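Just so we're aligned, residue 29 is where the sequence shown starts under this note's numbering, counting upward by one. For every residue, glycine included, the Cβ atom is placed at its ideal position computed from N, Cα and C. If you're wondering where the values come from, they're calculated on a predicted model, not measured in any experiment. Have a look at the structure below before the remarks.
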Amino acid sequence: MIKPFSLSKTGMAIAFILITAVVGTGIFSLLLPQLPAFAQDESNLPEISPLLVAAGLERPVGIAHAADGSGRLFIVEQQGQILILEAQRVETSFLDIRDRVASPASGGGNEQGLLGLAFPPDYAEKGYFYVYYTMRTGDNVLSRFFTTENPNLADPNSEEQILTFPHPQYQNHNGGQLAFGPDGYLYIGVGDGGSGGDPFGNAQNPASLNGKLLRIDVEMETSIYKPGSGSNTIIWDFNCLNGAGINYPSAYLIPADNPFRDDPEYRPEIWALGLRNPWRFSFDRENGDLYIADVGQDRWEEINYQPAGSGGGQNYGWNILEGKECYGSVSCDPDGLILPVHVYPNSSSPNCSITGGYVYRGDEIPALEGVYIFGDFCSGSIWGLQRDGDTWKQALLTSTSFMISAFGEDEQGEIYIADMIGGGIYKLNLK
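Here it is in structure tokens:
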């Protein structure tokens, strides 16, 4: 999610970065303008003034709705609680698993905690949901929980651990975003495992789930263990996942069209690779396009774009590239790598860590229709990104004092913002 803010980062000393090229050798050249931190393209986008709708939260890091017609928003707190925001009031604890979550409150790392929440299609009928959190062991886990007869209360003892992500010795770069795509499959953003520069090479390692975007089928009928069935731990079996000898319930299946399903060198769950810490990604609810905001290292924050129907398999370059530049050297081979559609610098204050948002599809701010909304954790800036043919234009919508940890949508497509340190939830609102 968030890189520790460092005052040692130097200011921009170079207006353009020219990477030396050798034609025909696979080494590439790149002339990349470095824009000032708050530079804007000309735009007719309106200014916004976020409206406070809830306060007093403890390190909110996620906002989700259940698409069940209730109008509720579910607020994820890093230390291990999910609260319900209803009628601009937070009074209900939906799930409390602080007893098993590693977080700053329990002595864990700054980027550990309860990090992701997703409700499946037809949640109102199914009554279960998915979370991603850091266990006290330091590994991350995808789990399913069931609600009780009270729709505002989940059973913390109903946990089914579906997939565990072994994490290297470091505490950062856990990822954590969960989202069901238009295809009904669950997408999971997993960080590269931490430290700086991906020292284990996880993001480019096809046998590792770290540094990847995953796509799995958790909604097949045989996957469901009801609470009280005798086991809340589901065993993952590789042969079962690949279709051999499926004779007992499994945790999840691999979609038939996953790009690496039949490649023995790759984990079949992988949808895309070459990511550093895809803290937040989202689908455009209107057309299914995918936007992946990947937190950068020392120079660039980036947004990767994947049009609906792309088929997956993209390699977004980390740690060969950071943004559109070679990482750690003056030359590299970009063959087969997908460049981000947008970058902005983090090498000077105040920017440090991108927080991905959503394409606006609400009704209250028509001028933002189709605009991708995102922000920066340290600067508190909120921008809009628009596509104009083959180019993408960034415009500053507002500057805030927030430490922006997440954006979220309600059922109508209106967008909300989480201020992690201030503990507030804000609604995107016209100035």
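What does histidine 195 pair with, by DSSP beta-bridge criteria?
None, per the DSSP bridge assignment.
Closest to glutamate 442 by C-alpha separation, out of Thr426, Asp416, Gly390 and Phe402, would be which residue?
Gly390
Check this for me: beta carbons of aspartate 220 and histidine 195, under 8 Å apart or not?
no
In whole angstroms, what separates the C-alpha of leucine 123 from that of isoleucine 320?
27 Å
If you count every other CB in all the chains shown that lies within 10 Å of the CB of glycine 10, and 16 or more means buried, which is it?
Here the chain covers residues 29 to 459 and nothing more, so residue 10 does not appear.
Please classify isoleucine 125 as buried or exposed, where buried requires at least 16 other C-beta atoms within 10 Å of its C-beta.
buried
Which of helix, strand or coil does DSSP assign to glycine 450?
Per DSSP, reduced to three states, the secondary structure at glycine 450 is coil, with no helix or strand assignment.
Taking 8 Å as the limit between beta carbons, can you name the residues of its chain near isoleucine 103, skipping five residues before and five after?
Ala82, Leu85, Pro88, Gly90, Ile91, Ile110, Leu111, Ile112, Leu113, Val118, Ala446 and Ile453
Report yes if the CB atom of alanine 204 is closer than 8 Å to the CB atom of leucine 303, and no otherwise.
Inspection of the sequence shows that residue 204 is occupied by glycine rather than by alanine. Against a cut-off of 8 Å, the Cβ pair of leucine 303 and glycine 204 comes out as no contact.
On the DSSP bridge assignment, give the partners of isoleucine 298 in chain order.
Leu242
Since proline 373 and tryptophan 328 should fall inside the 8 Å C-beta cutoff, what is the C-beta to C-beta distance between them, to a whole number of angstroms?
Rounded, the Cβ-Cβ distance is 6 Å, consistent with contact.
Could you check if alanine 94 is buried or exposed, using at least 16 other CB atoms within 10 Å of its CB as the buried criterion?
buried
Between which two residues does the beta strand (DSSP E) carrying alanine 434 extend?
432–437
So the candidates are Asn202, Gly436 and Cys406; which of them puts its Cα closest to the Cα of glycine 450?
Glycine 450 has its Cα closest to that of Cys406, out of Asn202, Gly436 and Cys406.
How would you call leucine 301, buried or exposed, if buried means at least 16 neighbouring beta carbons within 10 angstroms?
For leucine 301, the number of other beta carbons within 10 angstroms of its own is at least 16, and it is reported as buried.
Does proline 88 come out as helix, strand or coil in the three-state DSSP assignment?
strand
What separation, rounded to the nearest whole angstrom, lies between the Cα atoms of tryptophan 346 and alanine 434?
Those two C-alpha atoms are separated by around 23 Å.
Classify serine 134 as helix, strand or coil using the three-state DSSP reduction.
helix
May I have the straight-line CA-CA distance separating tyrosine 444 from isoleucine 410, to the nearest angstrom?
Tyrosine 444 and isoleucine 410 have their C-alpha atoms spaced approximately 12 Å apart.
Are the segment 133–141 and the segment 149–159 in contact at 8 Å, needing three or more beta carbon pairs?
no
Can you tell me whether serine 310 is buried or exposed? The criterion is at least 16 other CB atoms within 10 Å of its CB, across all chains shown.
Under this definition serine 310 is a buried residue.
From the DSSP output, read off the bridge partner residues of tryptophan 328.
Within the DSSP secondary-structure output, tryptophan 328 pairs in a beta bridge with Pro373.
With which residues is asparagine 168 paired in a DSSP beta bridge?
Thr162 and Phe193
Looking at C-alpha atoms only, which residue of Val169, Pro179, Ala146 and Ile76 is the closest neighbour of serine 121?
When each option's Cα is compared against that of serine 121, the closest is Pro179.
Do histidine 370 and glutamate 330 come within 8 Å of each other at the CB atom, strictly closer than that value?
yes
Does the Cβ-Cβ distance between glutamine 325 and glutamate 350 come in under 8 Å?
yes
Does the Cβ-Cβ distance between asparagine 379 and isoleucine 76 come in under 8 Å?
no
Taking C-alpha atoms, which residue in His201, Leu214 and Glu247 lies nearest to glycine 225?
His201
With 16 as the cutoff for other CB atoms within 10 Å, does threonine 176 come out buried or exposed?
The C-beta of threonine 176 has fewer than 16 other C-beta atoms within 10 Å across all chains shown, which makes the residue exposed.
Please determine, among Gly108, Leu145 and Gln116, the residue with the shortest C-alpha to C-alpha distance to arginine 128.
Gly108
Are the Cβ atoms of glycine 217 and leucine 181 separated by less than 8 Å?
no
Whole angstroms is fine: what's the gap from asparagine 436's alpha carbon to serine 98's?
Checking the displayed sequence, the identity of residue 436 turns out to be glycine instead of asparagine. The alpha-carbon atoms of glycine 436 and serine 98 are separated by roughly 16 Å.
Is the Cβ-Cβ distance between glycine 244 and tyrosine 280 less than 8 Å?
Here residue 244 turns out to be isoleucine, not glycine, going by the sequence shown. If you check the CB distance, isoleucine 244 and tyrosine 280 come in under 8 Å.
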